[in-house]
Amino acid sequence: MSLAIQGSGVSSGIAIGPVHILQRNTLEILEYTIPAELIDEEIKRYQYALEVAKQQLRDLRNSIPSSTPPDITEFIDTHLLMLQDSTLTSAPVDIIRQQYCNAEWALKQQRDALVHVFEQMDNDYLRTRRDDIDHVVNGIQYLLLANPVLQESTGSTASRFKGHILIADDLSPADTVLMQHQGIAAFITEGGGPTSHTAILARSLRIPAIVGMHHIRHYLKDDETVVIDGSRGWLLADVDDSSLHFYQRRQREEDQRITAYLQTRDEPAVTVDNTTITLNANIELPDDVSAVHEMGAHGVGLYRTEFLFMNRVQPPDEQEQYEVYRHILDNLAGKPLTIRTLDLGADKQVDGGREDINIVTNPALGLRAIRLCLKEPELFLPQLRAILRASACGPVRIMLPMLSTIQELQQVLRLIKHTQEQLRLYKLDFNPNIPIGVMIEVPSAAIMAHMFTPHVDFLSIGTNDLIQYTLAIDRIDDEVNYLYDPLNPAVIQLLATILRAGKRHHTPVTMCGEMAGDPSYTKLLLGMGLTEFSMHPNSLPQVKHLIATSHIPSLQATVNQLLQCDDYENYNQVLEQL
Ligand code: PEP
Ligand code: MG
7 MSLAIQGSGV SSGIAIGPVH ILQRNTLEIL EYTIPAELID EEIKRYQYAL
57 EVAKQQLRDL RNSIPSSTPP DITEFIDTHL LMLQDSTLTS APVDIIRQQY
107 CNAEWALKQQ RDALVHVFEQ MDNDYLRTRR DDIDHVVNGI QYLLLANPVL
157 QESTGSTASR FKGHILIADD LSPADTVLMQ HQGIAAFITE GGGPTSHTAI
207 LARSLRIPAI VGMHHIRHYL KDDETVVIDG SRGWLLADVD DSSLHFYQRR
257 QREEDQRITA YLQTRDEPAV TVDNTTITLN ANIELPDDVS AVHEMGAHGV
307 GLYRTEFLFM NRVQPPDEQE QYEVYRHILD NLAGKPLTIR TLDLGADKQV
357 DGGREDINIV TNPALGLRAI RLCLKEPELF LPQLRAILRA SACGPVRIML
407 PMLSTIQELQ QVLRLIKHTQ EQLRLYKLDF NPNIPIGVMI EVPSAAIMAH
457 MFTPHVDFLS IGTNDLIQYT LAIDRIDDEV NYLYDPLNPA VIQLLATILR
507 AGKRHHTPVT MCGEMAGDPS YTKLLLGMGL TEFSMHPNSL PQVKHLIATS
557 HIPSLQATVN QLLQCDDYEN YNQVLEQL
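Remember, the numbering used here sits 6 above the position in the sequence shown when you count from 1.
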């Protein structure tokens with residue numbers, strides 16, 4: 007008999023394959039091939055980790071009280087000396103160059119060689135130095151693993167994860183990108199919520215995924231074959247042949263469904279009453295543009311630029327960002343591109359060379375998104391310049407995340423104006439009329455949406471955060487995820503407020519949170535007056551199908567009833583009609 011375990015399905019697709027369990031606190035050192043053109047970058051990454059490790063030891067040495075026994079300070083000094091020795095400064099660099107391998111793997115080989123030498127020694131004292139090597143090497147490995155390099159090369163990644171279903175306690179968005187490059191078939195995490203950025207990224211990367219499957223690592227062992235269904239959130243272990251055949255057939259049917267949709271992908275989304283609905287795509291990575299075309303999206307309604315800042319030591323400079331934006335525009339071939347300015351913080355942490363970052367107690371409410379950008383102009387201004395320069399090359403819109411006050415908007419508008427003046431001075435081209443929009447994802451912004459509209463060209467509703475902040479539920483905390491409800495009357499009233507503000511001031515309103523791509527809410531949103539949606543490209547077929555069967559005036563009548571409900575039971579009855 008098969009064993010079935012339930013979690014929250016966050017990225018659809020059936021995957022069948024052997025399990026690989028990532029153990030907490032054990033270092034998984036993998037070997038990758040680094041393409042020749044990225045070798046220098048890889049060496050810099052190693053040297054940077056070495057520098058940070060040294061600095062950490064110096065800080066430790068400076069912070070210990072003078073009463074500390076001298077053998078402790080000696081121990082720190084020994085480790086510092088080891089970090090400055092050519093066995094760690096140049097040997098791993100030589101290995102990277104000779105073997106075209108990643109820094110972690112080069113360091114592991116060097117560590118094994120050193121340990122071997124020490125183990126051959128007769129002297130007991132010297133043999134114990136082996137622990138020092140491990141201590142120092144592990145310190146560097148942790149730093150390297152916190153800043154993994156993206157494996158840009160295709161087909162060169164020799165990974166033992168390939169085709170495996172990865173089981174972890176949790177994965178960061180940066181890990182998720184890395185895992186996809188290693189060819190994993192699917193992943194399951196014990197923690198996490200459906201609107202975490204790890205889940206969003208899984209959908210974007212088309213990796214079937216389940217989150218919130220508590221204690222799953224206790225029930226499985228490495229290499230046993232399991233089946234997972236990413237839409238329903240199921241895992242099947244001890245699978246018999248007939249179940250296996252059933253799921254293999256489901257996999258083939260899913261492929262056929264997508265092929266059938268692709269025949270009509272370029273037809274517009276039109277309702278029964280002849281209203282054309284704009285369907286845009288959300289993208290996270292430049293490569294996602296192919297899915298925009300593949301699924302027939304009108305353009306990009308949300309490009310989450312923060313992923314450009316992950317898995318690297320230094321943040322991308324203005325020129326690099328400009329080139330990426332231009333490359334995306336070229337590939338979009340005339341389709342509009344909405345570039346969201348950096349939304350770092352909360353569950354999207356990178357250090358990007360910023361050694362001073364602290365993980366605050368409540369990061370979702372902390373220095374995130376526009377707050378971080380306004381505090382750190384050296385991070386924000388290069389991005390503004392890059393976006394403005396890219397606006398000379400095609401239809402670009404700027405979108406600002408997580409505004410909670412009008413003052414923040416005024417500050418950003420001043421910065422944009424100042425950047426435009428600078429570009430004019432240097433005779434660099436840009437579109438002076440670039441549309442500027444704000445994301446409405448904090449309740450304060452939703453309530454005063456009418457005060458934002460006179461200053462901007464469009465509003466975009468970020469329901470992932472709006473729901474999180476309205477209902478006070480951390481979107482990545484699976485303990486409270488049962489409360490995460492887009493249909494909560496408070497959320498619906500806020501959506502109505504935003505849409506009313508847009509209508510009153512003739513400011514277009516779009517929605518780019520996950521709610522926009524969930525077919526369960528399509529009719530409700532159409533009835534509320536939403537005519538522009540932005541979603542993960544894979545969600546487009548189903549949403550488009552529902553639009554074609556919707557009659558907006560009748561939906562509007564039901565939504566009006568819903569918005570008038572004073573009674574929760576009655577509210578739920580009306581909802582069922584949508
Ligand atoms: C949102 O909050 O709905 C949104 C689209 O932004 P993100 O998911 O990147 O926070
Ligand atoms: Mg958001």
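Ideal Cβ positions, reconstructed from N, Cα and C, are used throughout, including at glycine.
Tell me whether residue i counts as near ligand 1, meaning its Cβ is closer than 8 Å to at least one heavy atom of that ligand.
i	result
LEU308	yes
HIS203	yes
PRO492	no
ASN487	no
GLU538	no
GLY519	yes
ASN288	yes
ASN470	yes
PRO407	yes
ILE479	no
Distance check for residue j and residue i, CA to CA, integer angstroms please.
i	j	result
ALA97	ARG67	26 Å
CYS379	GLU37	36 Å
GLY161	ALA297	Reliability of the predicted coordinates at GLY161 is poor, the pLDDT of 36 falling under 50, and the value obtained from them is presented with this limitation in mind. Their Cα atoms are separated by approximately 20 Å.
GLU80	ASN368	38 Å
VAL565	ASP572	14 Å
GLY302	LEU89	53 Å
ALA554	ASN288	21 Å
ASP91	ILE101	16 Å
HIS170	ALA191	5 Å
THR344	ALA522	16 Å
PHE193	THR204	11 Å
GLN269	GLN262	11 Å
SER159	ILE40	Low local confidence applies: a pLDDT of 32 at SER159 is under 50, so the model's placement there is unreliable, with the coordinate-based value given in what follows. So the alpha carbons of these two residues sit roughly 7 Å apart.
HIS333	LYS60	38 Å
GLY359	ASP140	Confidence is the limiting factor: at GLY359 the pLDDT is only 46, short of 50, which leaves the residue's position unreliable, though a coordinate-based value still follows. Distance between the alpha carbons of GLY359 and ASP140 is about 25 Å.
TYR574	LEU568	10 Å
GLY218	ILE482	10 Å
ILE206	HIS512	31 Å
ARG117	TRP111	10 Å
ASP471	ALA455	16 Å
TYR577	THR411	32 Å
ARG255	ASP272	28 Å
LYS550	HIS424	41 Å
TYR106	VAL448	47 Å
LEU584	ARG510	25 Å
Quick check on the burial criterion: 16 or more other C-beta atoms within 10 angstroms. Buried or exposed for residue i?
i	result
VAL155	With a pLDDT of only 43 at VAL155, under the threshold of 50, the placement of this residue in the model should not be trusted; the figure read from the coordinates follows. Under this definition VAL155 is a buried residue.
GLU125	exposed
GLN186	buried
PRO24	exposed
PRO407	buried
ASN487	buried
GLU48	buried
ASN286	buried
LYS529	buried
THR311	buried
LEU489	exposed
MET405	buried
VAL418	buried
GLU361	Note on GLU361: pLDDT 46, under 50, position unreliable in the model; the coordinate value appears next. Classification of GLU361: exposed, given that the 10 Å Cβ count is below 16.
PRO547	buried
ARG374	buried
PRO179	buried
Does at least one heavy atom of ligand 2 sit under 8 Å from the Cβ of residue i?
i	result
ALA55	no
ASP524	no
GLU447	yes
ASP293	no
PRO179	no
ASN544	no
ALA451	no
ASP349	yes
What does DSSP give as the partner residues of residue i in its beta bridges?
i	result
GLU538	THR284
PRO274	DSSP, once it has assigned bridges, lists no residue as partnering PRO274.
GLN579	BP columns for GLN579 are empty, so no partner.
GLY15	ILE216
ASP346	Note on residue identity: the sequence assigns Arg, not Asp, to residue 346. The partner list for ARG346 (beta bridge, DSSP) reads ARG310 and MET405.
Is any heavy atom in ligand 3 found nearer than 8 Å to the beta carbon of residue i?
i	result
MET219	As far as ligands go, the structure on display features ligand 1 and ligand 2 and does not contain ligand 3.
Open item on the list: Which runs of the beta strand (DSSP E) at least 3 residues long sit entirely within the region 431-465? Give them in chain order.
Closed with: 442-446
Open item on the list: Give the list of continuous alpha helix (DSSP H) stretches no shorter than 4 residues that lie fully inside the region 388-431.
Closed with: As far as the region 388-431 is concerned, its whole alpha helix (DSSP H) runs of at least 4 residues are 412-431.
Task: Secondary structure, alpha helix (DSSP H): runs of 4+ residues fully inside the region 208-251 - done: 222-225
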